[in-house]
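Visitor: Let me give you the structure first, and then I'll get to my questions.
In our numbering, the protein residues as written are 103 to 293.
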């Protein structure tokens with residue numbers, strides 16, 4: 103999953119939410135130089151990535167999407183699932199979606215010295231441009247697809263992900279709900 107999924111599976115722990123997003127910015131196994139909460143966030147991030155990457159229904163969906171989105175089907179699924187989570191938020195969380203993301207934005211701590219400048223800039227951009235708000239709309243899926251496509255180092259079809267989503271929305275949505283049912287149990291979510 104992309105940003106929203108990682109926030110959601112942090113189980114309403116604001117400090118863990120930020121540390122979880124930081125997981126994409128950390129390489130290697132030795133995390134001992136980080137405070138405990140940041141270590142927990144990085145490990146949770148990796149566990150979420152591993153869970154989605156090995157989920158049987160998601161693997162089947164990747165196979166279906168590969169022809170249209172070679173090499174980037176996994177990235178597209180992350181974006182699709184964040185879009186569907188935002189769009190169906192009230193089925194997964196008791197707090198209103200915009201209140202939830204505003205609560206996260208307000209809790210962002212940019213004074214933590216362990217967070218890299220690159221991560222800090224990404225968080226600031228996310229908040230300023232209100233990325234998470236737009237996830238619930240097709241326009242947000244388009245923006246995220248275009249932005250990620252331009253940052254990938256090889257030619258790719260990710261800009262076409264929104265059109266693929268529209269064409270295959272039924273199967274993508276079925277897999278999303280199947281995955282979420284299993285993931286809520288795996289990560290012991292209490293909304």
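We put the CB at the ideal spot given by N, CA and C, even for glycine.
1. Does the beta-carbon of residue 180 have 16 or more other beta-carbons within 10 angstroms, so that it is buried, or is it exposed?
2. With 16 other CB atoms within 10 Å as the buried threshold, where does residue 150 fall?
3. In angstroms, rounded to a whole number, what distance separates the CA positions of residue 133 and residue 238?
4. Measuring alpha carbon to alpha carbon, tell me which of 128, 148, 242, 232 ends up nearest residue 216.
5. Evaluate contact between the segment 196-203 and the segment 115-125, counting only Cβ atoms and requiring at least three cross-stretch pairs below 8 Å.
6. What does the alpha-carbon distance come out to for the pair residue 286 and residue 193?
7. Taking C-alpha atoms, which residue in 135, 148, 130 lies nearest to residue 111?
8. Report all residues from its chain with a CB closer than 6 Å to the CB of residue 174; omit the five preceding and five following residues, and keep chain order.
9. Report the three-state DSSP secondary structure of residue 257 (helix, strand or coil).
10. I need the boundaries of the alpha helix (DSSP H) containing residue 132, first residue and last residue.
11. In three-state DSSP terms, what is residue 114?
12. Hey, could you find the ends of the alpha helix (DSSP H) residue 208 is sitting in?
13. Locate the alpha helix (DSSP H) running through residue 233, then write down its first and last residues.
14. Report the rounded CA-to-CA distance for residue 271 versus residue 236, giving the unit in angstroms.
15. Helix, strand or coil: which one does DSSP assign to residue 213?
16. Pairing CB atoms from the segment 138-145 with CB atoms from the segment 245-258, are three or more of them under 8 Å?
17. Taking all protein chains shown into account, decide if residue 152 is buried (16 or more other Cβ within 10 angstroms of its Cβ) or exposed.
18. Below 7 Å CB to CB, which residues in the same chain sit around residue 248 once its five sequence neighbours on both sides are set aside?
Guide: Let me spell this out:
1. Here residue 180 is buried, its C-beta having at least 16 other C-beta atoms within 10 Å.
2. buried
3. For residue 133 and residue 238, the distance between alpha carbons rounds to 34 Å.
4. 128
5. Short answer: they don't touch.
6. 12 Å
7. Ranking 135, 148, 130 by Cα distance to residue 111 puts 148 first.
8. 258, 260
9. Looking at residue 257 - three-state DSSP - the assignment turns out to be coil, as it is neither helix nor strand.
10. Careful: residue 132 lies outside any alpha helix (DSSP H) and carries neither H nor E.
11. coil
12. 199-209
13. 233-236
14. 18 Å
15. coil
16. no
17. exposed
18. 261
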